[in-house]
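Novice:
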Amino acid sequence: MDSLIRAEAIDLGRDPETGKRKQITRRGFESKKDAENAAAQLLLKSKKANISNLNKSL
Numbered sequence: 500m501d502s503l504i505r506a507e508a509i510d511l512g513r514d515p516e517t518g519k520r521k522q523i524t525r526r527g528f529e530s531k532k533d534a535e536n537a538a539a540q541l542l543l544k545s546k547k548a549n550i551s552n553l554n555k556s557l
């Protein structure tokens, strides 16, 4: 089972200009729990980045 590679994809919604889906994919985690934790951290970072981008435009 050591050869299993776990991957996690995060959907960030659609690009308003192109209409295409935005996704972040990461792989190479040793366990499902590691993959889920990394996905949660990436999602949190992306939300913070979107909020900071909105604040800059105000």
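Each residue of the sequence shown is one higher than the last, beginning at 500 in our numbering. The C-beta atom is built at its ideal place from N, Cα and C for all residues, glycine as well.
Please state whether the Cβ-Cβ distance between residue 481 and residue 530 is less than 8 Å.
Specialist: No answer is possible for residue 481: it lies beyond the span of the chain, which begins at 500 and ends at 557.
Novice: Among 535, 520 and 511, which one has its Cα closest to the Cα of residue 526?
Specialist: Of the candidates 535, 520 and 511, the one whose C-alpha sits nearest the C-alpha of residue 526 is 535.
Novice: Which word fits residue 507, buried or exposed, when buried means at least 16 other C-beta atoms lie within 10 angstroms of its C-beta?
Specialist: Buried is the call here.
Novice: Keeping to the same chain, check which residues put their C-beta closer than 8 Å to that of residue 533; ignore five residues upstream and five downstream.
Specialist: 505
Novice: What three-state label does DSSP hand residue 507 in the structure shown?
Specialist: strand
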